[in-house]
Ligand SMILES: Nc1nc2c(c(=O)[nH]1)N[C@H]1C(S)=C(S)[C@@H](COP(=O)(O)O)O[C@H]1N2
Ligand SMILES: [Mo]
């Protein structure tokens, strides 16, 4: 039944996608590539359903999901609360209409997608508990695009082993984690198996509303079996790599470079 609904949604989405492609032939340029990318994601959605089922049958553990009545009244915001800077401020003023998510690196089909395009793709909603290493937890509802679907559309190459999430904020020192740390662009990384877990998504809504700036607008990662610092906010680029040793401090994330565990499972 759920499958039928998804098929119907996909059919109507594909219609929209074709219209979009028609328009960009006229305007030309970047838009043609963009909508070609968008169409690939739509085409990948069918296969994604299959791999999700396979994953479930294969016994990959799901994080616990909660009821609407369990949602925390006050979900603490942590780390960067606003990336600031001229560029991010402009995106806030424009309502993120010009924000792009780039997927590149070890993929056969690099892509660039707008938030509006992501919102037209099949989505998932889940209510989960976020656990920060500092010892606080909060339950929130997340809606977004399954990452597995995007990776399938970008055609990840066999040599790729990790996805690196590049964020828009430069975090320099957080009092709650012991004061000044060395400044750096926030980033995170995941093994592909965790990227393809059915609950791993790029979320654009929190508790039924567009993500606010403090919680990572316009796009953040949710990877529900791992700790808070893996949940990268303000994501603008996903880079597929065979190893992450040449990126930033080489340990796979902003906090990992400062001594935290890379896998951070819960
Ligand atoms: N870009 C970015 N992502 C980030 C952080 C950050 O400072 N910058 N902080 C991390 C940490 S430590 C936690 S606990 C969560 C906090 O998410 P929240 O603000 O929605 O509670 O985001 C994680 N992702
Ligand atoms: Mo955290």
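In our numbering, the protein residues as written are 147 to 412. Glycine included, each C-beta is placed from N, C-alpha and C at the ideal position.
Cβ separation of residue i and residue j, assumed to be a contact under 8 Å, to the nearest whole Å
i: residue 413; j: residue 308; result: Since the first and last residues shown for the chain are 147 and 412, residue 413 lies out of range.
i: residue 190; j: residue 298; result: 4 Å
i: residue 335; j: residue 310; result: 5 Å
i: residue 184; j: residue 263; result: 5 Å
i: residue 393; j: residue 286; result: Contact doesn't hold; Cβ gap of about 29 Å is too wide.
Own chain residues within Cβ distance below 7 Å of residue i, not counting five before or after
i: residue 269; result: 289, 290 and 291
i: residue 249; result: 256, 257, 296, 300 and 384
i: residue 397; result: 403 and 408
i: residue 282; result: 222
i: residue 229; result: 314, 315 and 380
i: residue 412; result: 277, 371, 372 and 373
For residue i: DSSP bridge partner residues
i: residue 344; result: Per DSSP, none; premise fails for residue 344.
i: residue 351; result: 289 and 356
i: residue 330; result: 317
i: residue 384; result: 249 and 311
i: residue 336; result: 309
i: residue 208; result: Residue 208 is not bridged to any residue.
Residue i classed as buried or exposed, judged by whether at least 16 other C-beta atoms fall within 10 angstroms
i: residue 400; result: buried
i: residue 193; result: exposed
i: residue 227; result: exposed
i: residue 210; result: exposed
i: residue 231; result: exposed
i: residue 220; result: exposed
i: residue 329; result: exposed
i: residue 237; result: buried
Sequence-distant residues of its chain with Cβ nearer than 8 Å to residue i (five each side left out)
i: residue 312; result: 331, 333, 381, 382, 383, 384 and 385
i: residue 340; result: 346, 369, 371 and 372
i: residue 306; result: 251, 252, 253, 338, 386, 387 and 388
Nonlocal neighbours in the same chain, by C-beta distance under 6 Å from residue i, ignoring five residues either side
i: residue 234; result: 314
i: residue 375; result: 401
i: residue 267; result: 187 and 291
i: residue 349; result: 288, 290, 366 and 368
Quick check: the stretch 227–246 against the stretch 295–307, are at least 3 beta-carbon pairs closer than 8 Å?
no
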